[in-house]
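Contents: one structure, followed by commentary.
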Amino acid sequence: MTGRAMSQFAPNIDEAVAAIPDGAMVIVPRESSGVPMEATRALIRRSVKRLHLVALPTSTLQGDMLIGAGCVETLETSAVSLGEFGPAPRFTAAILGKTIQMKDATCPALYAQVQAAEKGVPFMPLRGLIGSDILTHRPDWRVIDNPFGNDDPIVLLPAIKPDVALFHAAMADRAGNVFIGRDRELLTMAHASARTIATVEKLYDGNLMDDPALSAGTVPGFYIETVAVAPRGAWPLQLLDHYPADGAHLADYAKAAATAEGFARYLDQYVHVKRAA
Amino acid sequence: MTGFAPEELLADTIMRLIGDVRHVAVGNASPIPALAALTLRERGGGMPYVSLLGSRRHMFFTDGGRELFDCAGQGRVDVFFLSGGEIDGAGNINLVSIGDYAQPNVRFPGSFGSGYLYYVVPKVILFRVEHSRRTLVRQVSFISAPGGNADNVHRPGGPVALVTNRCLFAFDRAAKRFTLASVHPGHTVDEVIENTGFDFDRPEKVPVTEAPSAETLRLMRETIAPQLAEVYPQFAARVFGVKVAQTSQ
Chain A
11 MTGRAMSQFA PNIDEAVAAI PDGAMVIVPR ESSGVPMEAT RALIRRSVKR LHLVALPTST
71 LQGDMLIGAG CVETLETSAV SLGEFGPAPR FTAAILGKTI QMKDATCPAL YAQVQAAEKG
131 VPFMPLRGLI GSDILTHRPD WRVIDNPFGN DDPIVLLPAI KPDVALFHAA MADRAGNVFI
191 GRDRELLTMA HASARTIATV EKLYDGNLMD DPALSAGTVP GFYIETVAVA PRGAWPLQLL
251 DHYPADGAHL ADYAKAAATA EGFARYLDQY VHVKRAA
Chain B
51 MTGFAPEELL ADTIMRLIGD VRHVAVGNAS PIPALAALTL RERGGGMPYV SLLGSRRHMF
111 FTDGGRELFD CAGQGRVDVF FLSGGEIDGA GNINLVSIGD YAQPNVRFPG SFGSGYLYYV
171 VPKVILFRVE HSRRTLVRQV SFISAPGGNA DNVHRPGGPV ALVTNRCLFA FDRAAKRFTL
231 ASVHPGHTVD EVIENTGFDF DRPEKVPVTE APSAETLRLM RETIAPQLAE VYPQFAARVF
291 GVKVAQTSQ
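Listed below in structure tokens is the structure:
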């Protein structure tokens, strides 16, 4: 263990997210790749403001809660819904009420834009999109004629370089290496972002890099600024291979968040008062 | 009259549309296509390959969320499924909003991967369970992905059919129009005309959609429903009575 290593560990979830400033561009993963819900509740408790939230490539409960709590100024993603529990009510209300700026995308565009940042190049080309109103409403996207082809229009997308990548994963070791398994967009997010904050279910005894089966699915501590242990840190969402989504809770959320008042009551019950362990 | 649920009929119809292919991918919020793809694979002894978004067990990708799109861009995904808050007669789909984009009257979740996959997957099967003038419109408010493009646009893929709770439409990419292919048991051509906001072609005699076989229904109910519950627990519970796993705190 090195001195640097333990310094990556935050003593609790609130301190783990303390370094995310108002106005930061924060990138978070889709529901199946480890959504940091405990960290999201901590951000809402802290009343973080004006986030530029990039949900790679979609969001569910997390985006809806951050928007409902007034933490988001700009949302850049391909879709927000509660999946089997219906539309995302606070997201929908914010769009209809024009209280957030929406940058509508399509999934592979976001992946390509984050990959551009990962490679340190200014843009990536992507097929599709031509003739879509997604493109019409994105003045920051361009169409060029493929310089290697002949009359072949293709879209260019600027790199997305987030200030912070924030995700939840299974485990981390004391050197700050974080095991992500197959959810490799987390690695892309960490590569692309200036700083990465990860919450994990538990501490791994030993070094993840010593086991080739584990190291292949590990974000090296080199890319990680902060780790916090947050057991059941994706609740009430799933952490694949570990626990399923809490369907009863999500159904209750969908009902509560249908109104601003119900959503406020939900925050009082589950966010502002720290949930008993 | 019927010994099957509407969802089972729709999935069976989708199975026929998928045909003999190597790789079927199923995106978000697509329980009926997922039921179809997994049942087809079961019947085919493991073929086609099925990539079910959100699943661990029914997903071979190891390179993160981008792999589906990279795979599709190369032509390695043969079939995909898309829906729409609105779908129009030219095969344009709207997953974003109704009204002026800057101040919409209705907002849907968003375009998901449609702005790309509709272009590059050879066989895109559209499905929209609610068949009404609200969903099947003359012209969509917002084009998440167009049914067709100008000739110089790279477009190996696009729509082949639209399945609803009332009927099956085939899509003619050259004409950019739907043709009524069959009407589901218990529904009528008049009812389809009455509830469709766009013009479509139809033969003089419109066949009735074939009902699922007893063997297909058995596979769906006994073998596939529990698999489906991994990604679609609410759907599996509602249609098949599969017990939903709940976690307690």
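For the record, the sequence lines run as chains A and B.
With my numbering applied, the first sequence has no gaps in its numbers, which climb one by one up to 287 at the end.
With my numbering applied, the second sequence has no gaps in its numbers, which climb one by one up to 299 at the end.
Using N, Cα and C, we set each Cβ at its ideal position, and we do this for glycine too.
None of these values were measured; they are calculated from a predicted model.
Assign residue i to one of three DSSP states: helix, strand, or coil.
| i | result |
| --- | --- |
| residue 253 (chain A) | strand |
| residue 226 (chain B) | coil |
| residue 73 (chain B) | strand |
| residue 146 (chain A) | helix |
| residue 75 (chain A) | helix |
| residue 97 (chain B) | coil |
| residue 138 (chain B) | strand |
| residue 145 (chain B) | coil |
| residue 165 (chain A) | strand |
| residue 182 (chain B) | coil |
| residue 212 (chain B) | strand |
| residue 136 (chain A) | strand |
| residue 60 (chain B) | helix |
In or out: residue i buried (at least 16 other Cβ within 10 Å) or exposed?
| i | result |
| --- | --- |
| residue 57 (chain A) | exposed |
| residue 29 (chain A) | exposed |
| residue 187 (chain A) | buried |
| residue 167 (chain A) | buried |
| residue 94 (chain A) | buried |
| residue 358 (chain B) | This structure leaves residue 358 (chain B) out entirely; chain B is present only between 51 and 299. |
| residue 192 (chain A) | buried |
| residue 123 (chain B) | buried |
| residue 108 (chain A) | exposed |
| residue 173 (chain B) | buried |
| residue 234 (chain B) | buried |
| residue 73 (chain B) | buried |
| residue 130 (chain A) | exposed |
| residue 144 (chain A) | buried |
| residue 154 (chain B) | buried |
| residue 264 (chain B) | exposed |
| residue 13 (chain A) | Residue placement at residue 13 (chain A) is poorly supported in this model, since its pLDDT is 47, which falls under 50; the coordinates are not used for a value here. |
| residue 158 (chain A) | exposed |
| residue 180 (chain B) | exposed |
| residue 205 (chain B) | buried |
| residue 68 (chain B) | buried |
| residue 288 (chain A) | Beyond the ends of chain A as shown, which are 11 and 287, falls residue 288 (chain A); an answer cannot be given. |
| residue 37 (chain A) | buried |
Out of the options, state which residue places its alpha-carbon closest to the alpha-carbon of residue i.
| i | options | result |
| --- | --- | --- |
| residue 195 (chain A) | A:184, A:209, A:22 and A:177 | A:177 |
| residue 142 (chain B) | A:204, A:43 and A:140 | A:140 |
| residue 243 (chain A) | A:89, A:23 and A:18 | A:23 |
| residue 251 (chain A) | B:92, B:106, B:53 and B:89 | B:106 |
| residue 170 (chain A) | A:237, A:52, A:66 and A:282 | A:66 |
| residue 132 (chain B) | B:95, B:82 and B:188 | B:82 |
| residue 253 (chain B) | B:130, B:218 and B:98 | B:218 |
| residue 94 (chain B) | B:114, B:156, B:242 and B:70 | B:70 |
| residue 91 (chain B) | B:266, B:180, B:159 and B:210 | B:266 |
| residue 87 (chain B) | B:269, B:261 and B:184 | B:269 |
With residue i as the anchor, note down where its beta strand (DSSP E) starts and where it stops.
| i | result |
| --- | --- |
| residue 37 (chain A) | 35-39 |
| residue 194 (chain A) | Segment: none, residue 194 (chain A) is in no beta strand (DSSP E) and carries neither H nor E. |
| residue 205 (chain A) | 205-213 |
| residue 292 (chain A) | Shown here, chain A extends from 11 to 287; a query on residue 292 (chain A) therefore has no answer. |
| residue 155 (chain A) | 152-155 |
| residue 238 (chain A) | 236-239 |
| residue 65 (chain A) | 61-66 |
| residue 131 (chain B) | 129-132 |
| residue 119 (chain B) | No beta strand (DSSP E) holds residue 119 (chain B); the alpha helix (DSSP H) holding it covers 116-123. |
Does the distance between the C-beta of residue i and the nearest non-hydrogen atom of the ligand GDP fall short of 7 Å?
| i | result |
| --- | --- |
| residue 100 (chain B) | With respect to the ligand GDP, the structure offers nothing, as it holds no ligand at all. |
If I follow the unbroken alpha helix (DSSP H) through residue i, where does it start and stop?
| i | result |
| --- | --- |
| residue 3 (chain A) | Limits of chain A in this structure are 11 at one end and 287 at the other, which puts residue 3 (chain A) out of reach. |
| residue 300 (chain B) | This structure leaves residue 300 (chain B) out entirely; chain B is present only between 51 and 299. |
| residue 248 (chain B) | Neither: residue 248 (chain B) is in no alpha helix (DSSP H) and is coded neither H nor E. |
| residue 25 (chain A) | 23-26 |
| residue 84 (chain A) | Run containing residue 84 (chain A): none in the alpha helix (DSSP H); it sits in the beta strand (DSSP E), 82-87. |
| residue 224 (chain A) | 222-225 |
At a CB distance below 8 Å, what residues from the segment 176-198 of chain A approach chain B? Give them in sequence order. If the cut-off is 8 Å between Cβ atoms, the segment 176-198 of chain A has 192, 193, 194, 195, 196, 197 and 198 near chain B.
Using a Cβ-Cβ cut-off of less than 9 Å, list which residues of the segment 152-166 of chain B approach chain A; keep chain order. Listed by position along the chain: 152, 153, 154, 155, 156, 157, 158, 159, 160, 161, 162, 163, 164, 165 and 166.
Using a beta-carbon distance cut-off of less than 8 Å, what residues from the segment 130-145 of chain A approach chain B? Cβ contacts with chain B: 136, 137, 138, 139, 140, 141, 142, 143, 144 and 145.
Selection of the segment 34-55 of chain A by Cβ proximity to chain B, strictly under 9 Å: Per Cβ criterion, the list reads 39, 40, 41, 42 and 43.
If contact means a Cβ-Cβ distance below 7 Å, which residues of the segment 180-214 of chain B contact chain A? Against chain A - using a Cβ distance shorter than 7 Å - the residues of the segment 180-214 of chain B are 192, 193, 194, 195, 196, 199, 202, 203 and 204.
Members of the segment 113-131 of chain B that neighbour chain A once the beta carbon cut-off is set at 9 Å: Residues of the segment 113-131 of chain B with a Cβ closer than 9 Å to any Cβ of chain A, in chain order: 113, 114, 115, 116, 117, 118, 119, 120, 122 and 123.
Using a Cβ cut-off of 7 Å, which residues of the segment 230-250 of chain A contact any Cβ in chain B, in chain order? Within the segment 230-250 of chain A, contact with chain B at the beta-carbon level (separation under 7 Å) is assigned to 250.
Check each residue of the segment 106-121 of chain A: if its Cβ is closer than 8 Å to any Cβ of chain B, include it; give the result in chain order. From the segment 106-121 of chain A, only 106, 108, 114, 115, 116, 117, 118, 119 and 121 have a Cβ closer than 8 Å to chain B.
Residues, ordered as in the chain, of the segment 281-292 of chain B that lie near chain A by beta-carbon distance below 8 Å: If the cut-off is 8 Å between Cβ atoms, the segment 281-292 of chain B has 282, 283, 284 and 285 near chain A.
Which residues, in chain order, does the segment 68-96 of chain A contribute to contact with chain B at a C-beta distance below 8 Å? Listed in sequence order: 68, 87, 88, 89, 90, 91, 93, 94 and 95.
Check each residue of the segment 148-177 of chain A: if its Cβ is closer than 8 Å to any Cβ of chain B, include it; give the result in chain order. So the list reads 161, 162, 163 and 164, given in the order they occur along the chain.
Chain B contacts made by the segment 251-266 of chain A, where a contact means CB separation under 9 Å: Against chain B - using a Cβ distance shorter than 9 Å - the residues of the segment 251-266 of chain A are 251, 253, 254, 255, 256, 257, 258, 259 and 261.
Chain B contacts made by the segment 267-286 of chain A, where a contact means CB separation under 7 Å: Against chain B - using a Cβ distance shorter than 7 Å - the segment 267-286 of chain A contributes no residues.
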